[in-house]
Each structure stands twice: as structure tokens, then as C-alpha cells.
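Colleague:
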Amino acid sequence: MRILISGAGPAGLALANCLLDVGLTPVVVERAPALRTAGYAVGLHLGGWEVAERLGLIDALKARAISIQRADYRDAQGRRLFSYNYRHLAAACDDRMLVIMRDALQEVLVERLAGRVPIRYGTTITALADEGEAVEVELSDGARERFDLVVAADGYRSGVRELHFGPHSAFLKPLGYRSAAWRMPSSREMDCDYAAFMYIDLQAGLYRVGDGTISTLFCWRDDDTSRVPPEMRLTQIAGRFSDWPTLIADTFRHGVDWTNGFFDTICQVNAPEWSRGRVVLVGDAAHCMTFLSGQGTSTAVVGAHVLASELASRPLEDALAAYEARLRPKVSRLMKQSEQIGGHYVPRSRLGLAVQSWIIPALMRPPLVRLMARKMESSSLSIA
640 MRILISGAGP
650 AGLALANCLL
660 DVGLTPVVVE
670 RAPALRTAGY
680 AVGLHLGGWE
690 VAERLGLIDA
700 LKARAISIQR
710 ADYRDAQGRR
720 LFSYNYRHLA
730 AACDDRMLVI
740 MRDALQEVLV
750 ERLAGRVPIR
760 YGTTITALAD
770 EGEAVEVELS
780 DGARERFDLV
790 VAADGYRSGV
800 RELHFGPHSA
810 FLKPLGYRSA
820 AWRMPSSREM
830 DCDYAAFMYI
840 DLQAGLYRVG
850 DGTISTLFCW
860 RDDDTSRVPP
870 EMRLTQIAGR
880 FSDWPTLIAD
890 TFRHGVDWTN
900 GFFDTICQVN
910 APEWSRGRVV
920 LVGDAAHCMT
930 FLSGQGTSTA
940 VVGAHVLASE
950 LASRPLEDAL
960 AAYEARLRPK
970 VSRLMKQSEQ
980 IGGHYVPRSR
990 LGLAVQSWII
1000 PALMRPPLVR
1010 LMARKMESSS
1020 LSIA
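Residue 862 in the numbering used here sits at position 223 of the sequence shown; the count goes up by one each step and never skips.
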């Protein structure tokens, strides 16, 4: 079976690896001219960890993981709110979790594919026609090819989904926030691994990547969903955060190359159907939980494994139905949880800020951290 995957992000690359391992033939196309370096840190744990183990990638991922132990939270004036040690949560999960930059995860997945799966950068699907026995695909380089299956792994604003399933407006559910992230040289020493600053409707964070750079992550409440031109983005962020403590204010002194950064409205995607004919959605194209959930990457990786295993063991139509039936119930529950998290991540009031300052450190210490780990395990996806 020859399968075209649109998108060389974690979902698409994990799927290519899993398909290869079950004897199928993946081809990957990616809009960017090279492997994307944009994005923020992602977590890999539980089911996602299991998939990485099966692919033999744990050692490579550990070697590129970010070391996050102490996290310090302060208010907009720099006054300390609370601290916690991330290692307590990792230990409660039997150390089967890690934090890694999105581009580093992609590099590990690409390295395993080297010489075995073609990745065509600077290429997109511009048209497709499901002819019943195959899908006729037209690519942006002018090529026309036939595939047994086309996979949309091109993110929550999926171009393939728009071509085959309908416009973005039918799938995107804005949650009332915007977020931004970019990497920059580390010009100031941090006395912790993750420094976060919280206030009503606002949160900013910095974490050390380990290569002489730090990564930013900003999130703020904003009901406006209109596109912000790249030249206006830093101004919009600075307008909310530039009078914050120096560690945050310094991030606006340098320009941002938004081709290697992230700026967007935070939207969920919960597609009513994950496949139609010979086209199937995976990862954020099917079920974007947003970074607020902390489960998006692992869920996408598990979904890739499940899809590959079903395709290897059943006729196509049955495999696509089984893929969705196995994952959708738990994904739907995770989506609801993710929607509720926003109000905690970005407090709506002084009371909310105070409650978070008490709850988070309590949950991240024994014995409550073990209960939280068990709740994560019960709600996350499994490859079984």
C-alpha cells in the first residue's frame, strides 16, 4: 500500500516510521523548504513514550531532551508566587516522560527514516480526487501521482482537510486566547530551568533549551481571531508584557523571525469524521487539543501508531473505522479537559491567581503528585 502523508510534523513523521515498520510504503510531503525549527517544548509520556520505545528511539530522545527540574512562578511585578520540581511528576510516572523541543523530536524521527522514506520539502497537495480504487493527487511542483491513501498530518489549519472535508471555519473552535513562541540567544542568566510570570489574563514563560538559547512562550486572553501580520506581532505582544520584569521585557529587544517562530489563535479541532473515502486525518488535523492540554504530541504519536497497526491488519475501510473507534472516545474526553484548562493556565481574576498559586505546588509534591500521575495515565491514550 502506497500512502502519501502531508506534513512532516510529529504526527506525520511518527506515522511514516510506524507504516515503514509494518511493511507499508509512505511518502511525505512538507510545505516548508526544510524541516521546521519553529515551535515550543512538547511533552512525550505514557502512550507516546510506548510508541517511542517500540520505534527504538528513547535513547535518542533522552539525549536531546530539555532538563527541566525547578520551575519558578512570579507575578507581573516579579514577586514570587510558588515553585515546584518537575522531577517529582516524572518520578511519579516511573520516569517515562520527557520534555523536548518540537524540532528536536522531528529530527529524531527523520533520522530513523533516512534513506528509506522520501520527504519532499517545499511541496504541498494542491488538488486530490478520490476515485474509489485510488486517490489522484496533484502536487505544487506540478507532479500528478496516485496513492492508495492520503493522510492529512498538516496541523490544525490542515490544507488537505480543507480540500477534502471543508473550510477551516467548520472545524476550528477558538478558545479565546492567543499564544506566541520563539527561540532567542540566552543573554541573561536564569536561576531556574523554567521561569513563568502570571497575571490576570496573561502568562509568559522562558525555559533554557540547553544549546545556548532560551525559548519563550506567551499566552494571553484575546477574543479577536483575525490574522496579525508578522510585522505587527511583536508589537502586539510587547503591548501586554513590556512593562513586566526585565527577564520578560528583554525578549522584545530583538526582532523575531516568524518563519521560525509561532504566533496564532489557540483553537481546538474536533473533526466530526476522521476519514472520508481514501483520505484520513491524524494529529491536530483531526483533534487539536492545543498546547494547554499537555497531551497533544503524545496523542498524535499514539494515533499514528494505531492507524498504522490497523492498516496493516484490516482492509482499508475497516482499518479507518477501527482507528477512529479506538481513539475517539478518549480523545473526546481529553478535548473537554483541555478546554477547561485555559482558565487555570491564564487566570481570570486575582482569586484565580491565588488559587493557582496554592493548587499547583500542592499537586506537584508527594503524595498528590502520584494521584495526578495516575489521573494522567487513566485519561491518556494507550497503544493497546
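The beta carbon of each residue, even a glycine, is placed where N, CA and C say it ideally should be.
(1) Who pairs with E1016 in a beta bridge, going by DSSP?
(2) Taking all protein chains shown into account, decide if T929 is buried (16 or more other Cβ within 10 angstroms of its Cβ) or exposed.
(3) State the DSSP-derived secondary structure class of L748, mapped to helix, strand or coil.
(4) Output the distance between the C-alpha atoms of N909 and A647, rounded to the nearest integer angstrom.
(5) Leaving aside the five residues before and after A650 along the sequence, list all residues of the same chain whose C-beta is less than 6 Å from its C-beta, in chain order.
(6) Starting from W859, trace the beta strand (DSSP E) both ways and give me its first and last residue.
(7) Quick check: the segment 800–807 against the segment 899–915, are at least 3 beta-carbon pairs closer than 8 Å?
(8) I need the boundaries of the beta strand (DSSP E) containing P813, first residue and last residue.
(9) Output needed for C657: all residues of its chain with C-beta closer than 7 Å, excluding positions within five of it in sequence on either side, in chain order.
(10) Nearest-angstrom Cα distance between S645 and R719?
(11) Please determine, among I999, S1017, T885, V749, the residue with the shortest C-alpha to C-alpha distance to A673.
(12) If you count every other CB in all the chains shown that lies within 10 Å of the CB of H893, and 16 or more means buried, which is it?
(13) Taking D787 as the reference, give the member of G982, L845, L959, S1017 with the closest Cα.
(14) Helix, strand or coil for M974? Go by DSSP, reduced to three states.
(15) So does the segment 974–988 actually touch the segment 858–866, counting three or more Cβ pairs closer than 8 Å?
(16) Let me confirm a value: W997 is counted as buried when at least 16 other C-beta atoms fall within 10 Å, else exposed. Which label applies?
(17) So, with DSSP's three-state summary, where would you put T936?
(18) According to DSSP, M837 sits in a beta bridge with which residue or residues?
(19) Using the C-alpha atoms, what's the distance from D957 back to R693?
(20) Which whole-angstrom value is the C-beta distance of L856 and A834, which I expect to be below 8 Å?
(21) Roughly how many angstroms separate the alpha carbons of F880 and S854, rounded to a whole number?
(22) Assuming contact is defined by CB atoms lying nearer than 8 Å, are P1000 and M837 in contact in what I supplied?
(23) What would DSSP say about P1000, mapped onto helix, strand or coil?
(24) Where does P1005 land, buried or exposed, given buried means 16+ other C-beta within 10 angstroms?
(25) Taking the alpha-carbon positions, what's the G794 to A924 distance?
(26) Going by the CB atoms, is the gap between V848 and M736 shorter than 8 Å?
(27) Assuming T885 is part of the beta strand (DSSP E), what are its boundary residues?
(28) In or out: A731 buried (at least 16 other Cβ within 10 Å) or exposed?
(29) In whole angstroms, give me the CA-to-CA distance for M1011 and L1002.
(30) Under 8 Å between the Cβ atoms of E963 and S1019?
(31) Starting from the Cα of V919, find the closest Cα among G935, L950, L752 and give me that residue.
(32) In terms of residues, what are the limits of the beta strand (DSSP E) holding E669?
(33) Is DSSP giving E912 helix, strand or coil here?
(34) In terms of residue numbering, what span does the beta strand (DSSP E) encompassing N724 cover?
(35) With C-beta atoms as the reference, is A710 less than 8 Å away from W883?
(36) Would you mind working out which of G933, R965, S988, R953 sits nearest L685, comparing C-alpha positions?
Modeller: Per the coordinate set shown:
(1) Note: E1016 sits in no beta bridge, so no partner.
(2) buried
(3) helix
(4) 21 Å
(5) A792, V921, G922, A939, A943
(6) 852–860
(7) yes
(8) 811–820
(9) Result list for C657: A943, H944, A947, in chain order.
(10) 45 Å
(11) V749
(12) With fewer than 16 other Cβ atoms within 10 Å, it is exposed.
(13) L959
(14) Here M974 carries a helix assignment [DSSP, helix/strand/coil].
(15) yes
(16) exposed
(17) helix
(18) DSSP, once it has assigned bridges, lists D714, Q842 as partnering M837.
(19) 24 Å
(20) With a Cβ gap of about 11 Å, L856 and A834 do not count as contacting.
(21) Using only the alpha carbons, I get a separation of about 16 Å.
(22) No, the Cβ-Cβ distance between P1000 and M837 is not below 8 Å.
(23) helix
(24) exposed
(25) Looking at the two C-alpha atoms, the distance is approximately 5 Å.
(26) no
(27) Here T885 belongs to no beta strand (DSSP E); instead the alpha helix (DSSP H) covers 885–888.
(28) Under this definition A731 is a buried residue.
(29) 7 Å
(30) Contact flag unset, no.
(31) L950
(32) 664–669
(33) coil
(34) 719–724
(35) no
(36) Out of G933, R965, S988, R953, G933 has the C-alpha closest to the C-alpha of L685.
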